[in-house]
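Residue numbers (my numbering): 20 to 297.
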């Protein structure tokens with residue numbers, strides 16, 4: 020019997036395929052033992068699926084910095100060829116950050132992608148975007164985020180997709196849920212999001228929110244030091260890459276390009292000592 024009515028088997032196969040960019044690749048949740056040096060919420064979801072119901076296979080085609088057009092051209096066909104029972108998609112966040120993005124055209128492309136995924140018969144999981152409080156400069160993008168989230172909600176309802184409304188997850192207002200670049204989730208953030216996805220799918224798990232003390236209030240000097248470090252370590256390199264027309268994902272391959280059977284115990288790390296195609 021299936022662990023959830025939302026996750027039917029397809030042709031006797033239980034296959035989960037994750038599509039997208041850095042959000043789904045796992046950036047911010049570092050683990051040098053795993054491909055691309057990260058783990059992420061999708062790996063954690065795959066492991067909980069396998070623990071609840073052995074036999075699940077998992078592929079993760081997401082690569083950091085990918086735009087929606089890249090996800091469509093590079094990830095869609097391979098994903099459908101795997102005949103997945105479950106597909107997760109987060110796409111468009113990098114497009115929102117690009118100057119000159121036509122949001123109406125972007126969301127039309129997004130809906131076309133979702134329609135093809137839903138048409139495969141798989142359960143499709145979509146995500147709204149979070150309003151990350153990075154800098155006053157990025158507040159100009161708030162209108163784009165609002166448009167994106169509203170359309171994602173509408174598209175999810177129209178195509179029968181499961182929606183994880185990331186925008187509404189108050190736990191992410193704590194800065195400890197974010198990595199040092201302030202744009203990607205920390206390990207705690209990825210773990211918490213995995214729990215939210217599993218809840219939406221009706222999959223049992225024991226992931227619990229981090230029990231933190233209230234955040235320590237920074238002095239003005241500490242705040243200035245952090246701002247300066249953030250600009251030097253993340254903002255300036257980001258603009259430098261944009262000027263050069265390169266991204267952090269240009270030299271990377273998908274972490275799990277082909278479905279791997281997820282071990283019920285010890286998770287995906289157990290595979291790293293085996294002859295696994297990466």
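Ideal placement from N, C-alpha and C gives every residue a C-beta, glycine not left out.
Quick one: what does DSSP say residue i is sitting in, helix, strand or coil?
i           : result
residue 39  : strand
residue 76  : strand
residue 237 : coil
residue 297 : Its pLDDT being 42, under 50, residue 297 is placed unreliably by the model, and nothing is read from it.
residue 268 : coil
residue 242 : helix
residue 172 : helix
residue 30  : coil
residue 118 : coil
residue 20  : In this prediction, residue 20 has a pLDDT of 47, which is less than 50 and means its spatial position is unreliable; nothing more can be read from the coordinates.
residue 285 : coil
residue 83  : coil
Do residue i and residue j have their C-beta atoms within less than 8 Å of each other?
i           : j           : result
residue 62  : residue 56  : no
residue 224 : residue 59  : no
residue 74  : residue 33  : yes
residue 79  : residue 275 : yes
residue 83  : residue 117 : no
residue 198 : residue 231 : no
residue 216 : residue 144 : yes
residue 149 : residue 109 : no
residue 279 : residue 44  : no
residue 141 : residue 103 : yes
residue 53  : residue 267 : no
residue 90  : residue 130 : no
residue 195 : residue 249 : no
residue 107 : residue 38  : yes
residue 136 : residue 87  : no
residue 122 : residue 163 : yes
residue 213 : residue 64  : yes
residue 182 : residue 172 : yes
residue 70  : residue 227 : no
residue 178 : residue 134 : yes
residue 254 : residue 22  : no
residue 14  : residue 47  : One cannot answer for residue 14 here, as it falls past the ends of the chain, which runs 20 to 297.
residue 139 : residue 95  : no
Going by DSSP, name the residue or residues bridged to residue i.
i           : result
residue 145 : 108, 182
residue 231 : Beta-bridge pairing links residue 231 to no other residue.
residue 57  : 49
residue 300 : Since the first and last residues shown for the chain are 20 and 297, residue 300 lies out of range.
What first and last residue would you give for the beta strand (DSSP E) that runs through residue i?
i           : result
residue 61  : No beta strand (DSSP E) holds residue 61; the alpha helix (DSSP H) holding it covers 60 to 71.
residue 275 : 275 to 280
I'd like the span of the alpha helix (DSSP H) that includes residue i, first residue to last.
i           : result
residue 133 : 122 to 138
residue 97  : 95 to 100
residue 260 : 255 to 263
residue 206 : 206 to 220
Step through the CB atoms of chain B and report whether any lies within less than 8 Å of the CB of residue i.
i          : result
residue 55 : Chain labels in this structure do not include chain B; a single protein chain is all it has.
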